[in-house]
Amino acid sequence: MTASQSAKPAAELDKPKRAFRPLPVPQVDVRGFWGDRVDAVATRTAGILYDRCVEARMLEQIDPDRPSPGVVIPFHSPSPDEAATAGNEFTGSTVTTQMFWDSDWGKTIETAAYSLYRRRNDALEKKIDAVIDMYGRLQQPDGYLSSWYQRIQPGLRWTNLRDCHELYCAGHLIEGAVAYYQATGKRKLLDIMCCYADHIAETFGPEPGKKKGYCGHEEIELALVKLARVTGEQKYMDLAKYFIDQRGQQPHYFDEEARARGADPKAYHFKTYEYSQSHQPVREQDKVVGHAVRAMYLYSGMADIATEYGDDTLRVALDRLWEDLTTKNLYITGGLGPSSHNEGFTSDYDLPNETAYAETCASVGLVFWASRMLGMGPNARYADMMERALYNGSISGLSLDGSLFFYENPLESRGKHNRWKWHRCPCCPPNIGRMVASIGSYFYGLSDDALAVHLYGNSTARFDIAGTQIELRQTSNYPWDGAVSITIEPEAPTTFTLHLRLPAWCRKAALKVNGEAVDLDAVTSDGYAAIRREWRKDDQVELALEMAIDRLYANPQVRQDIGRVALARGPLIYCVEETDNAGQLHRIALPRTAIIEAREEPNLLGGVVTLSALARKEVVESWDDGLYRTEPPAVEEAKVTAVPYFAWDNRDPGEMLVWLRDS
Numbered sequence: 001m002t003a004s005q006s007a008k009p010a011a012e013l014d015k016p017k018r019a020f021r022p023l024p025v026p027q028v029d030v031r032g033f034w035g036d037r038v039d040a041v042a043t044r045t046a047g048i049l050y051d052r053c054v055e056a057r058m059l060e061q062i063d064p065d066r067p068s069p070g071v072v073i074p075f076h077s078p079s080p081d082e083a084a085t086a087g088n089e090f091t092g093s094t095v096t097t098q099m100f101w102d103s104d105w106g107k108t109i110e111t112a113a114y115s116l117y118r119r120r121n122d123a124l125e126k127k128i129d130a131v132i133d134m135y136g137r138l139q140q141p142d143g144y145l146s147s148w149y150q151r152i153q154p155g156l157r158w159t160n161l162r163d164c165h166e167l168y169c170a171g172h173l174i175e176g177a178v179a180y181y182q183a184t185g186k187r188k189l190l191d192i193m194c195c196y197a198d199h200i201a202e203t204f205g206p207e208p209g210k211k212k213g214y215c216g217h218e219e220i221e222l223a224l225v226k227l228a229r230v231t232g233e234q235k236y237m238d239l240a241k242y243f244i245d246q247r248g249q250q251p252h253y254f255d256e257e258a259r260a261r262g263a264d265p266k267a268y269h270f271k272t273y274e275y276s277q278s279h280q281p282v283r284e285q286d287k288v289v290g291h292a293v294r295a296m297y298l299y300s301g302m303a304d305i306a307t308e309y310g311d312d313t314l315r316v317a318l319d320r321l322w323e324d325l326t327t328k329n330l331y332i333t334g335g336l337g338p339s340s341h342n343e344g345f346t347s348d349y350d351l352p353n354e355t356a357y358a359e360t361c362a363s364v365g366l367v368f369w370a371s372r373m374l375g376m377g378p379n380a381r382y383a384d385m386m387e388r389a390l391y392n393g394s395i396s397g398l399s400l401d402g403s404l405f406f407y408e409n410p411l412e413s414r415g416k417h418n419r420w421k422w423h424r425c426p427c428c429p430p431n432i433g434r435m436v437a438s439i440g441s442y443f444y445g446l447s448d449d450a451l452a453v454h455l456y457g458n459s460t461a462r463f464d465i466a467g468t469q470i471e472l473r474q475t476s477n478y479p480w481d482g483a484v485s486i487t488i489e490p491e492a493p494t495t496f497t498l499h500l501r502l503p504a505w506c507r508k509a510a511l512k513v514n515g516e517a518v519d520l521d522a523v524t525s526d527g528y529a530a531i532r533r534e535w536r537k538d539d540q541v542e543l544a545l546e547m548a549i550d551r552l553y554a555n556p557q558v559r560q561d562i563g564r565v566a567l568a569r570g571p572l573i574y575c576v577e578e579t580d581n582a583g584q585l586h587r588i589a590l591p592r593t594a595i596i597e598a599r600e601e602p603n604l605l606g607g608v609v610t611l612s613a614l615a616r617k618e619v620v621e622s623w624d625d626g627l628y629r630t631e632p633p634a635v636e637e638a639k640v641t642a643v644p645y646f647a648w649d650n651r652d653p654g655e656m657l658v659w660l661r662d663s
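Note that UniProt numbering has the sequence shown beginning at 1, numbered continuously upward.
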């Protein structure tokens, strides 16, 4: 049965009444800060992703009309040296194929879809349609679809879920299909992926005769939730729940499948199922462990299922994991995963700055997780972290013009860490591309009788409550300014609750409705002001958020940041760059008495607010030829200028530092 035959309105899918779902991308228009970034993705990044996939010869793996590619490269996590040198290299005349290329196509399709919604591009749409046609021709009669197991290792499907990304790739293709349908109205890829999802549902599950497996790299869970919501098919939601519930159960599926293919279950590169968060059933887990991106995707899927099924047992586990991440294992930028060895977590409070891995995909994954936690109701605990990761640790992975990328996002650099054109493991470019292109869906959450505003900035949202069409318009120069004006335009007077986030970084806020002040203490819960009333055409909401400059200090157990201070203003974390501060940034110390000034710089880095202060800098010239001596170096005053972290390495290459010495 095709998607067009089986599709139902999403409203028919069972949903707890208090659940909040994100608005689809086509229902939110963004302008201002995020509008500029979406435009960069639509005009440059989306086309670049397609072109570089082609240049890497990924089309040859999915095109059934071409001979099968030849050279197989076993996947392993790239070392820092590999990541630094792989940026501009392609495979040349020999195809070096990867098992996860279907996922790169899925994310590229998703980025293109939302970009096409933003800005018409007939040439790009034609190219994506051709890729979709290839997948349609590649799909087997039973619905199975994997270019790796059909073209590179035929006959081995579903034999190594632990290592080989089979369901992970399916998930990204499903998400691409949902996006392409929502943005263009075209159903072909949605039909293809519904057939594949049906095949997966017939293969996996608790019923007798089905495999009891799940993917080593989580992702399929998020995708099936999206597919269920867009088609109205409960079976896809139930399959997502099965994958969540089955993970880590005994006997361990990865052990069983290894024995079935004649392998020793212990002969495993990472030696522990913590790497894939399958060491325990998910409801028993209480520490973030293993590969950071996999962890974020798992927790995102758990949050979706907790929302859709009203499952408090998952919510309890998620809150434990959230607490562990945010109090012991998270960079101040919203980056996570300090180690390049496992691309993930090590030990509590281990947060090195210069060697931080902090993969772009991991911070994007944190945005996914936080946004899905908001499905269970407005809570600034999650929305504040979503904002921190959005504005800092994730978009740092994309250059301002949308053409270059970071895989790792360190908090300190001696000048050798620079953006690259591409990567042999190109998961991050389309991941940050699809997130930015779909940013409107993170702004708002809709329930049966309420709308939550999670993010602020110039935007227009269109939604329906109790059968009434409503338009909400935000006007703001956020994140540079904390003044937010909201106009509400219902087709007819409608009663609903408007939830407005009061960010934790804001020390003082004021709220007015139609010019009348609202007592925030009386209406605020979990960091959101809740205004319930009958809304009428041209109702006005004015929110003023004080945007002070903050000095931030790390827990003393973070040994790398003892005696150091970071700067923030509003949702933005700042850094100093060599191009503004004459290099050797480690010699700068910021006095606690220094006055820090904010200045609008409309012609710098696309228009930013900089922070500046008089600091102290140790003078090299005062030192003689010896390496050590009994007298300290001379100190001079030096002006220090800081820029938003997300914008670093967009000018001349040079040193960068987030954590300054505190004096």
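C-beta atoms are modelled at their ideal positions from N, C-alpha and C, and glycine is treated no differently. Because the structure is a prediction, the values reported are computed rather than measured.
C-beta atoms of residue i and residue j nearer than 8 Å
| i | j | result |
| --- | --- | --- |
| Val-178 | Lys-226 | yes |
| residue 667 | Leu-222 | Here the chain has residues from 1 to 663 only, and residue 667 is not among them. |
| Phe-345 | Gly-335 | no |
| Asn-329 | Phe-270 | no |
| Thr-494 | Ala-466 | yes |
| Gly-32 | Asn-650 | no |
| Leu-224 | Val-558 | no |
| Leu-572 | Tyr-391 | yes |
| Leu-124 | Tyr-135 | no |
| Leu-446 | Arg-18 | no |
| Val-635 | Val-619 | yes |
Nonlocal neighbours in the same chain, by C-beta distance under 6 Å from residue i, ignoring five residues either side
| i | result |
| --- | --- |
| Lys-512 | Glu-542 |
| Ala-295 | Gln-277, Val-288 |
| Met-58 | Trp-101 |
| Asp-662 | Gly-563, Arg-564, Val-565 |
| Arg-434 | Lys-107, Glu-110, Thr-111 |
| Thr-272 | none |
| Thr-460 | Asp-29, Arg-473 |
| Glu-82 | Its pLDDT being 36, under 50, Glu-82 is placed unreliably in this model, and the value from its coordinates should be taken loosely. Answer for Glu-82: no residue qualifies. |
| Arg-551 | Val-565 |
| Gly-440 | Val-25, Val-28, Val-30 |
| Pro-652 | Sequence inspection shows Asp at residue 652; the Pro mentioned does not correspond to that position. Hits under 6 Å: Thr-579. |
Whole-number beta carbon distance between residue j and residue i, since they are thought to touch under 8 Å
| i | j | result |
| --- | --- | --- |
| Met-376 | Thr-307 | 5 Å |
| Arg-247 | Tyr-299 | At roughly 12 Å, the Cβ-Cβ gap does not stay under 8 Å, so Arg-247 and Tyr-299 are not in contact. |
| Gly-365 | Tyr-253 | About 23 Å separates the two Cβ atoms, so there is no contact after all. |
| Gly-654 | Asp-36 | Actually they do not touch by this definition, with Cβ atoms about 24 Å apart. |
| Ile-595 | Ala-613 | 6 Å |
| Val-282 | Ile-244 | 6 Å |
Run of the alpha helix (DSSP H) containing residue i, from where it starts to where it stops
| i | result |
| --- | --- |
| Gln-182 | 166-184 |
| Tyr-135 | 122-138 |
| Ile-62 | 59-62 |
| Ile-588 | No alpha helix (DSSP H) holds Ile-588; the beta strand (DSSP E) holding it covers 588-590. |
| Tyr-114 | 101-118 |
| Ile-48 | 46-55 |
| Glu-308 | 292-309 |
| Gly-433 | 428-437 |
Sequence-distant residues of the same chain with beta carbon closer than 8 Å to residue i, five excluded per side
| i | result |
| --- | --- |
| Glu-546 | Gly-482, Cys-506, Arg-507, Lys-508, Ala-509 |
| Pro-69 | Arg-57, Glu-60, Gln-61, Val-95, Thr-97, Arg-151, Ile-152 |
| Leu-161 | Leu-167, Gly-213, Tyr-214, Cys-215, Gly-216, Tyr-253, Phe-254, Glu-257 |
| His-76 | Note that His-76 scores a pLDDT of 38, beneath 50, so its modelled location is shaky and nothing firm can be said. |
| Glu-284 | Gly-248, Ala-317 |
| Pro-9 | The pLDDT assigned to Pro-9 is 39, lower than 50, so where the model puts this residue is not dependable, and the model offers no usable value. |
| Ala-370 | Tyr-382, Ala-383, Met-385, Met-386, Ala-389 |
| Thr-184 | Ala-113, Leu-116, Tyr-117, Glu-125 |
Range covered by the beta strand (DSSP E) that runs through residue i
| i | result |
| --- | --- |
| Arg-462 | 459-465 |
| Ile-573 | 572-577 |
| His-199 | Segment 188-203 is the alpha helix (DSSP H) holding His-199; no beta strand (DSSP E) there. |
| Thr-159 | That residue, Thr-159, is in no beta strand (DSSP E); it is neither H nor E in DSSP. |
| Ser-68 | Run containing Ser-68: none; DSSP gives neither H nor E here. |
| Trp-420 | Taken as a continuous stretch (DSSP letters only), Trp-420 belongs to no beta strand (DSSP E), as it is neither H nor E. |
| Ser-476 | 468-476 |
| Trp-535 | 528-535 |
| residue 673 | Here the chain covers residues 1 to 663 and nothing more, so residue 673 does not appear. |
Residues near residue i by beta carbon distance below 7 Å, same chain, minus five either side
| i | result |
| --- | --- |
| Cys-575 | Ala-642, Val-643, Tyr-645, Trp-648, Met-656, Leu-657, Val-658 |
| Lys-235 | Ala-201 |
Check: Can you list the alpha helix (DSSP H) stretches of 4 or more residues lying completely in the region 361-400, in chain order?
Finding: As far as the region 361-400 is concerned, its whole alpha helix (DSSP H) runs of at least 4 residues are 380-388.
Check: Residue ranges of each beta strand (DSSP E) run of no fewer than 3 residues wholly in the region 582-621, ordered along the chain?
Finding: 588-590, 597-601, 608-618
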